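The listed protein sequences derive, respectively, from chains A and B.
The first sequence begins at 1 in the numbering used here and counts up by one.
The second sequence begins at 301 in the numbering used here and counts up by one.
What follows is a single structure, written as structure tokens, with notes after it.
Number of protein chains: 2
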Amino acid sequence: MQDRVSPASVTPALRDLSRDHRLLSLNTATVRRQGDLAAIIAACARAEIPAISPWRDQVAAIGLDRAVALVKDTGLKLSGYCRGGMFPADPARLAEVMDDNRRAVDEAAALGAPCLVLVVGGLPQFSRPGSAPSNDIAGARAMVEDGIGALLDHARAARMPLAIEPLHPMYAAERACVNTLRQSLDICDRLDPDRTGLLGVALDVYHVWWDPELSAQIVRAGGDRLLAYHVCDWLAPTRDMLNDRGMMGDGVIDLKGIRAQVEAQGFAGFCEVEIFSDHWWSLPMAEVLSTCISRHRSVV
Amino acid sequence: MQDRVSPASVTPALRDLSRDHRLLSLNTATVRRQGDLAAIIAACARAEIPAISPWRDQVAAIGLDRAVALVKDTGLKLSGYCRGGMFPADPARLAEVMDDNRRAVDEAAALGAPCLVLVVGGLPQFSRPGSAPSNDIAGARAMVEDGIGALLDHARAARMPLAIEPLHPMYAAERACVNTLRQSLDICDRLDPDRTGLLGVALDVYHVWWDPELSAQIVRAGGDRLLAYHVCDWLAPTRDMLNDRGMMGDGVIDLKGIRAQVEAQGFAGFCEVEIFSDHWWSLPMAEVLSTCISRHRSVV
């Protein structure tokens with residue numbers, strides 16, 4: 001007769017972050033107002049932050065070749081590249097959408113990113129401005145799935161995994177109509193039933209912490225589909241829907257509890273700090289980075 | 301051999317709202333800054349709005365007896381009573397929480413409401429201020445279910461159905477940790493497996509329009525568990541998380557599409573307009589009511 005252990009009684013071995021910040025990655029949007037990507041990379045090197053996840057606009061601003069050279073020279077790793085997506089659009093613009101996304105895949109590959117994060121887009125008039133207004137969110141979702149499906153061939157050729165990021169439901173109209181981990185994994189199951197590793201999810205606690213199905217869907221995802229893990233915090237009250245994310249520890253998210261579940265599935269990647277915040281953008285870059293490091297060691 | 305008709309090809313007979321506003325109810329929070337409940341009731345009578353859903357604070361401000369008399373004298377119907385709930389709290393305060401909720405049931409019965417709407421509460425420090433801070437949302441959810449379960453006896457004795465209102469996930473911390481229709485119906489199934497009619501849901505399009513499972517969960521609810529239907533619109537952009545709801549037709553929600561699904565389940569109640577909006581609160585009451593009426597007839 002075997003011992004039976006219920007899932008709740010298993011305490012997964014949480015990785016110890018308290019002694020250093022070897023597992024910290026900085027999403028470069030966190031300090032995007034304080035300097036360009038070259039300045040951010042230099043600051044991360046000084047702070048011994050081992051990894052970043054840069055945004056396309058930041059890369060474009062200094063040039064892809066220079067960004068690649070800086071990443072290589074400093075020995076930084078990447079935890080992702082932000083972002084592809086924004087699939088819903090007028091039919092006449094679909095070629096443009098796919099060109100844009102293929103370029104994102106190529107840039108991610110040039111930079112050595114482990115995955116391209118997909119913010120899939122909301123209704124077409126917001127996803128690709130100028131598209132005809134629509135209130136058909138189911139239609140937008142179908143366009144998203146078609147778009148990801150079409151991008152997979154290019155991603156396969158480039159060996160660049162795509163990480164679908166479910167965004168908080170408050171962004172459903174304007175930014176992403178994929179809003180839960182369940183929905184993301186349903187797409188993965190349909191488009192990549194063989195779990196080739198080419199399609200998975202980017203899990204950002206800000207977007208999913210509230211979900212009553214979070215624990216079950218993390219188990220469903222499994223380590224092979226958990227391609228990225230993002231942290232920040234949910235402030236209560238939240239004063240701005242876009243730019244009032246909290247520093248880890250300043251809000252209500254059970255960060256260690258969620259990380260324990262993610263790591264119990266075998267996730268072994270970086271904890272990527274991504275904070276969109278007028279407050280944190282107003283402070284000196286070095287102060288923000290040192291706060292990220294101390295909170296990473298204490299509360300993440 | 302029978303004809304087979306797929307669900308998508310069935311066009312349910314949407315009730316015709318275009319010719320009058322017999323199915324319009326006004327949630328009285330919509331004009332709460334323009335006058336007290338007596339003034340709102342008088343304005344609804346003048347505008348031939350047949351039903352209201354009042355809030356407890358508005359009732360308390362003029363006194364329950366006077367509110368009951370005004371409702372009776374004007375012949376208004378109720379589409380609900382707002383609200384019970386706010387269950388998560390320190391253990392020492394649970395008796396106070398239950399007393400408060402039993403009073404809400406009794407007030408709803410005195411006013412002749414068809415259901416008491418439950419906004420279940422978020423984390424205890426926000427649900428019942430002064431409670432110890434917690435980031436245990438699963439614990440808060442357990443407190444909610446215990447609280448509803450405990451309230452059912454009193455609701456049964458008062459013959460007052462309880463309508464769980466799932467609130468948008470952006471309110472999970474501070475207002476309601478029940479955030480999807482699926483989650484609400486899971487609670488209904490556990491606490492009222494025999495579907496006695498005593499427990500159901502209040503479906504507000506603002507809170508649920510984004511949900512990829514909405515259609516399936518409306519079918520699951522069925523007409524007997526759809527106790528109230530609330531309309532407004534989701535503005536894009538939304539400038540304030542609390543008080544920037546849109547007038548029907550001004551946002552991105554597919555109102556007729558959702559109503560068709562609700563009515564296909566047999567829902568035959570009022571369409572209750574509930575708009576929290578600094579903009580609409582700034583306008584004269586009669587103007588707001590006439591806009592509600594015209595939009596009810598054209599876009600709801």
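Positions of the beta carbon are idealized from the N, C-alpha and C atoms, including for glycine.
Bear in mind the structure is a predicted one, so any value in this text is a computation, not a measurement.
What are the partner residues of residue i, as DSSP defines its beta bridges?
i               : result
H230 of chain A : A:D204 and A:E272
K77 of chain A  : A:A51
D211 of chain A : Looking at the DSSP assignment, D211 of chain A forms no beta bridge with any residue, so it has no partner.
D544 of chain B : B:S577
L499 of chain B : B:L462
L24 of chain A  : A:C271
L418 of chain B : B:G384 and B:I464
A476 of chain B : B:G421
Could you tell me which chain B residues have their CB closer than 7 Å to the CB of residue i, listed as they occur along the chain?
i               : result
A172 of chain A : W510
I253 of chain A : N435
Taking C-beta pairs closer than 7 Å, name the residues in chain A that residue i reaches, listed in chain order.
i               : result
A536 of chain B : F126, A173 and E174
Enumerate in chain order the residues of its own chain whose CB-to-CB distance from residue i is below 6 Å, with the five nearest sequence positions on each side excluded.
i               : result
G421 of chain B : G385, M386, F387, P388 and S427
H468 of chain B : H507
G266 of chain A : G223
P433 of chain B : Q425
G238 of chain A : A small correction: the amino acid at residue 238 of chain A is Thr; Gly does not occupy that position in the sequence shown. Same-chain partners within the cutoff: D244.
Q334 of chain B : M585
A345 of chain B : T374
I137 of chain A : C177
V405 of chain B : L416, H454, A455, A458 and M460
V305 of chain B : Confidence is the limiting factor: at V305 of chain B the pLDDT is only 40, short of 50, which leaves the residue's position unreliable, though a coordinate-based value still follows. Within the same chain, V305 of chain B has no close Cβ partners at all.
C292 of chain A : V273
R441 of chain B : C477
I258 of chain A : V205
Residues of chain B with CB closer than 8 Å to the CB of residue i, please, in chain order.
i               : result
P169 of chain A : H468, P469, M470, W510 and D511
Just to confirm my understanding: we take residue i, look at its own chain, exclude 5 residues before and 5 after, and list those with CB closer than 7 Å. What are they?
i               : result
R22 of chain A  : P50
V144 of chain A : F87, P88, V120, G121, C177 and V178
K256 of chain A : L14
A439 of chain B : The sequence as given places Gly at residue 439 of chain B; Ala does not occur at that position. For G439 of chain B, where only same-chain residues beyond five positions count, there are no Cβ hits under 7 Å.
Q217 of chain A : L181, R182 and L185
L70 of chain A  : A38 and I41
R403 of chain B : none
S277 of chain A : N243, D244 and R245
G197 of chain A : P161 and D224
R220 of chain A : L185
L226 of chain A : G200, V201, L203, V262, Q265 and F267
Strictly below 8 Å CB to CB, what residues from chain A border residue i?
i               : result
R441 of chain B : P212
Name the chain A residues whose beta carbon is nearer than 9 Å to that of residue i?
i               : result
L423 of chain B : A236 and V252
M541 of chain B : M170, P237, T238, R239, D240 and M241
Who are the near neighbours of residue i in its chain, counting only those whose CB is closer than 8 Å to its CB and skipping five residues on each side?
i               : result
D320 of chain B : R597
S515 of chain B : Q561
S353 of chain B : S325, L326, N327, T328, L378, S379, G380, Y381, C382, A413, V417, A528, E572 and E574
I448 of chain B : F387, L418, V420, L462, I464, I487, L491 and L499
D90 of chain A  : P124, R128, G130, S131 and A132
E263 of chain A : P12, A13, L14 and R15
A304 of chain A : The structure shown does not extend to residue 304 of chain A, since chain A spans only 1 to 300, so no value can be given for it.
E407 of chain B : R356, V359, L364 and Y381
W281 of chain A : V31, R32, R33, Q34 and N243
E513 of chain B : T480, L481 and R482
W590 of chain B : Correcting the residue type first, residue 590 of chain B is Ser in the shown sequence and not Trp. If we look at S590 of chain B and ignore the five residues flanking it on each side, its Cβ neighbours are A347.
Pull up the CB-CB distance for residue i and residue j, whole angstroms please, since I reckon it's below 8 Å.
i               : j               : result
P166 of chain A : V201 of chain A : 7 Å
R56 of chain A  : R83 of chain A  : 7 Å
A158 of chain A : A109 of chain A : 5 Å
V588 of chain B : T330 of chain B : 7 Å
L152 of chain A : N101 of chain A : Actually they are not in contact, since the Cβ atoms of L152 of chain A and N101 of chain A sit about 11 Å apart, beyond 8 Å.
E174 of chain A : A536 of chain B : 5 Å
N135 of chain A : D554 of chain B : 5 Å
D533 of chain B : G551 of chain B : 3 Å
M285 of chain B : V600 of chain B : As shown, chain B starts at 301 and ends at 600. That puts residue 285 of chain B outside it, with no answer to give.
M398 of chain B : M170 of chain A : Incorrect: roughly 32 Å between the Cβ atoms, too far for contact.
Quiz item: Between the segment 175-193 of chain A and chain B, which residues of the former have CB atoms less than 9 Å from a CB of the latter, in chain order?
Solution: C177, V178, N179, T180, R182, Q183 and D186
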